[in-house]
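Participant: Can you read through this structure? Questions will come right after.
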Amino acid sequence: MGNYFGTYSRTLDEKGRLQIPSKLADKDTKRFFILKGFEGCLAVYEEENFNALVAKLHGMNFLDETARNFIRLTTSSVQVLDVDSHGRVLLSKQTLDDYRIAKDVTLIGVLDHFEIWDATSYGPLPTPERRELRDPGGKESLNVDPHPRLAP
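Printed below as a string of structure tokens:
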């Protein structure tokens, strides 16, 4: 399973092709699975990580309305993108329109996948000088200071 980290800026060519950074895809990567991400981005998975996501979806209770809607929304948005010999993927005009992605994009690594954002709309993190991150269960928090001071 791949792990993805970092932030990358890219520009789509006139056909809507995106050059995937080498840190996000090695030369053996033949295809990606893209789907609707959170906050308006595209989530991009290599096959092994995508299969793990599908296994998690299979583990959800389809009788629960919230779970069922999440499964439907996730699976109905899946597209397979082939990687060409130059390490590019073609994003369809429909996909670019649906996700309001223009020519300039930001790619960010997010552990088991990476996200594609329109460069002007990327910014899901709060912007104050000091950020407090909380885990989804609310049990842990981490204060992140973008300008840490060294101890004397």
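Just remember that the working numbering sits 595 ahead of the position in the sequence shown, which is counted from 1.
C-beta atoms are modelled at their ideal positions from N, C-alpha and C, and glycine is treated no differently.
#1: Taking buried to mean at least 16 other C-beta atoms within 10 Å of its own C-beta, is L607 buried or exposed?
#2: Measure the C-alpha to C-alpha separation of K625 and V675 and round it to an integer number of angstroms.
#3: Say whether the segment 625 to 637 touches the segment 689 to 696, bearing in mind that this needs 3 or more beta-carbon pairs closer than 8 angstroms, one atom from each stretch.
#4: E660 to G654, Cα distance in whole Å?
#5: Let me know the secondary structure DSSP gives H708 once reduced to three states.
#6: Can you tell me where the beta strand (DSSP E) with T606 in it begins and where it stops?
#7: Excluding the five sequence neighbours on either side, which residues of its own chain have a C-beta within less than 8 angstroms of the C-beta of N664, listed in chain order?
#8: Across the segment 695 to 712 and the segment 605 to 622, are there enough close Cβ pairs to call them in contact, namely three or more that are closer than 8 angstroms?
#9: So, with DSSP's three-state summary, where would you put R744?
#10: What residue range is occupied by the uninterrupted alpha helix (DSSP H) comprising I666?
#11: On the DSSP letters alone, give me the boundaries of the alpha helix (DSSP H) that D693 sits inside.
#12: Going by CA-CA distance only, name the one from K651, Y640, T715 and T669 that's closest to K631.
#13: Ordered along the chain, which non-local residues of its own chain (more than five positions away) have a Cβ less than 6 angstroms from that of A714?
#14: Taking N656 and A662 to be in contact with their CB atoms under 8 angstroms, please state how far apart those CB atoms are, rounded to whole angstroms.
Facilitator: This is what the structure gives:
#1: buried
#2: 10 angstroms
#3: yes
#4: 14 angstroms
#5: Looking at H708 - three-state DSSP - the assignment turns out to be strand.
#6: T602 to T606
#7: If we look at N664 and ignore the five residues flanking it on each side, it has no Cβ neighbours.
#8: yes
#9: Confidence in R744 is poor, its pLDDT being 42 and thus under 50, which makes the residue's placement unreliable; the coordinate value appears in the next sentence. Residue state for R744 is assigned as coil, using DSSP reduced to three classes.
#10: I666 -> alpha helix (DSSP H) spans E660 to S671.
#11: Its alpha helix (DSSP H) spans residues K688 to D693.
#12: T669
#13: D699, V700 and T701
#14: 5 angstroms
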